[in-house]
Amino acid sequence: MRKSEQQRFGKILDGMKKELLDNAKRAIAGDIHFDPDDFPDEIDSASSESELAFIGRLRERERALIQKIDKALLQIEEGSYGRCQSCEEDIGSARLKARPVADLCIDCKSQQERLER
Numbered sequence: 001m002r003k004s005e006q007q008r009f010g011k012i013l014d015g016m017k018k019e020l021l022d023n024a025k026r027a028i029a030g031d032i033h034f035d036p037d038d039f040p041d042e043i044d045s046a047s048s049e050s051e052l053a054f055i056g057r058l059r060e061r062e063r064a065l066i067q068k069i070d071k072a073l074l075q076i077e078e079g080s081y082g083r084c085q086s087c088e089e090d091i092g093s094a095r096l097k098a099r100p101v102a103d104l105c106i107d108c109k110s111q112q113e114r115l116e117r
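Here the sequence shown is numbered in the numbering used here, starting from 1 and rising by one per residue.
Pasting the structure below:
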């Protein structure tokens, strides 16, 4: 992959990371809170706890995505971005546009998914 393409994907990845970190900052700033005294009955309390658990799972997924973004940015610095981690062939540009953190080409990813079933 050409250096200019790697830089273009670097900007996309930086934007994704910034958006995820901004979301996390808003959550830490108080968008998410739970005070049992705010809810008059057990159903309201259970509903709120369920919602908080869901938000926690979303935050965990965002954290994992940030790690993948950091890995992709490191690969850009090293000049290895866009190369499949399995077969070492180039990952298609269309795949990277759809999923900039992809580290497997479509053939290797398909094979991995078949093996996981």
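Even glycine gets a Cβ: it sits at the ideal position worked out from N, Cα and C.
Between residue i and residue j, what straight-line distance do the alpha-carbon atoms span, to the nearest angstrom?
i     : j      : result
Ile55 : Ile69  : 21 Å
Ala94 : Ala46  : 44 Å
Glu5  : Gln112 : 27 Å
Cys87 : Glu49  : 45 Å
Lys3  : Glu77  : 10 Å
Are the beta-carbon atoms belonging to residue i and residue j less than 7 Å from one another?
i      : j     : result
Ile118 : Ala98 : Nothing in the structure corresponds to residue 118, since the chain is present only between 1 and 117.
Leu13  : Leu73 : yes
Ile66  : Leu96 : no
With residue i as the anchor, note down where its alpha helix (DSSP H) starts and where it stops.
i      : result
Glu19  : 3-26
Glu113 : 106-116
Arg83  : Element bounds for Arg83: n/a, residue is neither H nor E.
Arg95  : 93-98
Considering only DSSP beta bridges, list what residue i is partnered with.
i      : result
Asp103 : Asp103 pairs with nothing; no bridge assigned.
Of the residues the options, which one's Cα is nearest the Cα of residue i?
i     : options                    : result
Lys17 : Cys84, Arg2, Arg117, Arg61 : Arg61
Gly82 : Arg63, Lys25, Ile106       : Ile106
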